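For reference, the structure discussed in these notes is given below.
Protein chains in written order, with this note's numbering: chain A, 566 to 710; chain B, 3 to 125; chain C, 57 to 233.
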């Protein structure tokens with residue numbers, strides 16, 4: 566694939582756009598369609614495009630499999646950590662109202678927004694890392710057909 | 003006619019049965035997994051079509067006007083299906099990993115040949 | 057959509073079948089957009105036409121490329137009969153269901169209006185689907201992230217981390233590095 570100039574040029578051109586779009590979808594998930602899952606999958610798709618064009622070795626030098634595996638666990642830990650933080654700060658588990666100082670009224674929309682942001686980021690991180698890990702596992706397998 | 007009110011369910015049933023037929027009548031393991039995916043996607047369309055309100059819009063609150071004048075389509079099936087899609091890709095990935103291992107072990111991914119090899123072993 | 061699904065059944069070349077399943081996912085994503093489920097459509101397009109297609113192609117590279125012609129004539133009648141009978145029962149079951157798009161269907165009555173009305177004051181996030189997913193039903197999303205995590209674990213256990221040596225048939229264990 567590296568030798569095909571059209572694919573290589575278009576891929577290199579699109580890759581930053583894909584990754585930025587993944588981040589946009591992640592953090593704009595509150596206001597438009599999007600959120601953690603979509604962002605994670607789009608990010609992984611960008612990495613896969615890069616790997617198809619430039620080869621698995623180079624991709625694994627940039628994103629070593631150990632780092633990606635760490636990302637898998639970190640995203641889930643972030644989610645559960647936010648839940649426990651809510652618990653320690655006085656509310657129920659995953660009750661985001663407790664995360665920020667209270668405004669007026671019984672509900673705390675700002676705490677909710679912070680909680681949702683963190684939680685969705687955890688989900689996006691895990692999903693992206695899982696998709697990349699599965700791709701590495703499949704394409705790293707020696708073809709002994 | 004009743005068709006114009008229920009046609010969405012019948013379309014989904016046709017797709018579902020096509021996926022089901024692929025799973026039970028073809029021996030190639032990859033094709034079975036693809037048939038399972040077709041089945042899953044048709045179920046997603048079923049749920050989402052049940053949540054649609056004619057004249058409604060996407061369930062994202064618009065700023066400015068009060069929501070009393072805008073009808074939103076039901077967001078709850080969408081939440082359920084979002085989870086289901088990701089779980090579906092997880093099971094597909096696991097299934098395909100199993101197919102790769104079966105191929106390395108048996109040398110084939112056709113169901114009949116695998117059964118024959120198992121029967122020869124058993125004799 | 058039905059045409060692509062039927063073509064998937066009939067064709068034997070696996071590359072064509074995989075491409076058709078990607079097209080099927082894309083068409084279903086467009087259909088889901090017209091049904092007002094925009095989050096779902098985005099996820100289905102990314103996952104179905106992206107990740108699943110890549111994984112299927114990877115599997116196809118590691119295994120055979122085509123479906124084998126059946127060696128003895130398979131009895132095609134039995135699966136077809138099963139499918140038709142099941143389809144008939146399902147159609148019979150849909151006769152009682154609420155009409156497509158009716159606003160007075162039972163599922164629109166109690167829980168959904170409460171979420172739609174309370175999201176602005178309780179959560180403050182305009183996207184109701186994200187609000188329900190991450191705040192009202194946060195436990196479920198935690199469980200789902202765990203499922204995705206477990207899938208990664210499973211694939212790593214099955215396909216290994218290092219390049220494997222070839223195993224003989226009488227070794228039943230998983231790979232070690």
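Heads up, the beta-carbon is just placed ideally off N, CA and C, and yes, glycines get one too. These numbers come from a predicted model, not from an experiment.
Could one say the Cβ of residue 194 of chain C lies closer than 9 Å to chain B's Cβ atoms, at least one of them?
No, residue 194 of chain C lies away from the interface with chain B (no Cβ there is under 9 Å from its Cβ).
Sorted by chain position, which residues of the same chain lie with C-beta nearer than 7 Å to residue 652 of chain A's C-beta, five sequence neighbours on each side aside?
658.
Does residue 595 of chain A pass the burial test, meaning 16 or more other C-beta atoms within 10 Å, or should it be called exposed?
So residue 595 of chain A counts as buried.
Could you spell out where the alpha helix (DSSP H) holding residue 117 of chain B opens and where it closes?
DSSP places residue 117 of chain B in the uninterrupted alpha helix (DSSP H) bounded by 113-124.
Residue 665 of chain A lies in the alpha helix (DSSP H); which residues open and close that run?
Taken as a continuous stretch (DSSP letters only), residue 665 of chain A belongs to no alpha helix (DSSP H), as it is neither H nor E.
Interface residues of chain B facing residue 699 of chain A [CB-CB closer than 7 Å]:
Per Cβ cutoff of 7 Å: 95.
Interfacial residues, the segment 622-654 of chain A to chain B, with Cβ spacing under 8 Å
Within the segment 622-654 of chain A, no residue has a Cβ that lies closer than 8 Å to any Cβ of chain B.
Interface residues of the segment 676-698 of chain A facing chain C [CB-CB below 8 Å]:
Taking 8 Å as the Cβ-Cβ cut-off against chain C, the residues of the segment 676-698 of chain A that qualify are 677, 678, 680, 681, 684, 685, 687, 688, 691, 692, 694, 695, 696 and 698.
How about residue 702 of chain A: is its C-beta nearer than 9 Å to some C-beta of chain B?
Closer than 9 Å to some Cβ of chain B, the Cβ of residue 702 of chain A qualifies, so yes.
Name the DSSP bridge partner or partners of residue 74 of chain B?
B/59, per the DSSP bridge assignment.
Opposing strand residues paired with residue 183 of chain C [DSSP bridges]
Answer is B/62, bridged to residue 183 of chain C.
CA-CA distance, residue 98 of chain B and residue 111 of chain C?
Straight-line measurement puts the Cα of residue 111 of chain C at about 8 Å from the Cα of residue 98 of chain B.
Go to residue 577 of chain A, then tell me how far its alpha helix (DSSP H) extends in each direction, as first and last residue.
Note, residue 577 of chain A: alpha helix (DSSP H), 570-592.
Cβ separation of residue 32 of chain B and residue 111 of chain B, assumed to be a contact under 8 Å, to the nearest whole Å:
With 8 Å as the limit, residue 32 of chain B and residue 111 of chain B qualify as a contact, their Cβ atoms being about 7 Å apart.
What's the call for residue 232 of chain C, buried or exposed, on a 16-neighbour Cβ count within 10 Å?
Caution applies to residue 232 of chain C, whose pLDDT of 42 falls short of 50 and renders its modelled position unreliable; the value that the coordinates give is listed next. Exposed, because fewer than 16 other Cβ atoms sit within 10 Å of the Cβ of residue 232 of chain C.
So if I threshold CB-CB distances at 8 Å, which residues from the segment 170-191 of chain C count as touching chain B?
If the cut-off is 8 Å between Cβ atoms, the segment 170-191 of chain C has 171, 172, 173, 175, 176, 182, 183, 184, 185, 188 and 189 near chain B.
Members of the segment 577-598 of chain A near chain C, C-beta cut-off 8 Å:
Of all residues in the segment 577-598 of chain A, those with a C-beta nearer than 8 Å to a C-beta of chain C are 590, 594, 595, 596, 597 and 598, reading in chain order.
Going by beta carbon distance, what residues of the same chain come within less than 7 Å of residue 580 of chain A, once the five residues before and after it are set aside?
Hits under 7 Å: 611, 614 and 615.
Top-ranked residue by Cα proximity to residue 97 of chain C, from A/608, A/609, A/599 and A/605
Sorting A/608, A/609, A/599 and A/605 by C-alpha distance to the C-alpha of residue 97 of chain C places A/599 at the top.
Closest by CA to residue 685 of chain A, which one among A/572, A/639, A/608 and A/644?
Measuring from the Cα of residue 685 of chain A, the nearest candidate turns out to be A/644.
Counting only Cβ pairs nearer than 9 Å, list the residues of chain C close to residue 47 of chain B.
Neighbours of residue 47 of chain B across chain C, judged by C-beta separation under 9 Å: 57, 84, 87, 88 and 91.
From B/108, B/77 and B/25, pick the residue whose C-alpha is nearest to that of residue 132 of chain C; which is it?
Closest option to residue 132 of chain C, Cα to Cα, is B/25.
For the pair the segment 136-146 of chain C and the segment 84-103 of chain C, tell me if three or more CB-CB distances fall below 8 Å.
Three or more beta-carbon pairs separated by less than 8 Å are not found between the segment 136-146 of chain C and the segment 84-103 of chain C, which leaves the two stretches without contact.
Residue ranges of each beta strand (DSSP E) within the segment 602-644 of chain A, 3 or longer
Correct list: empty.
Within the same chain, show all residues whose beta-carbon is closer than 8 Å to that of residue 162 of chain C, passing over the 5 residues directly before and after it, in chain order.
154, listed in sequence order.
Below-9 Å beta-carbon distance, residue 104 of chain B vs any chain A residue
Not one beta carbon of chain A lies nearer than 9 Å to the beta carbon of residue 104 of chain B.
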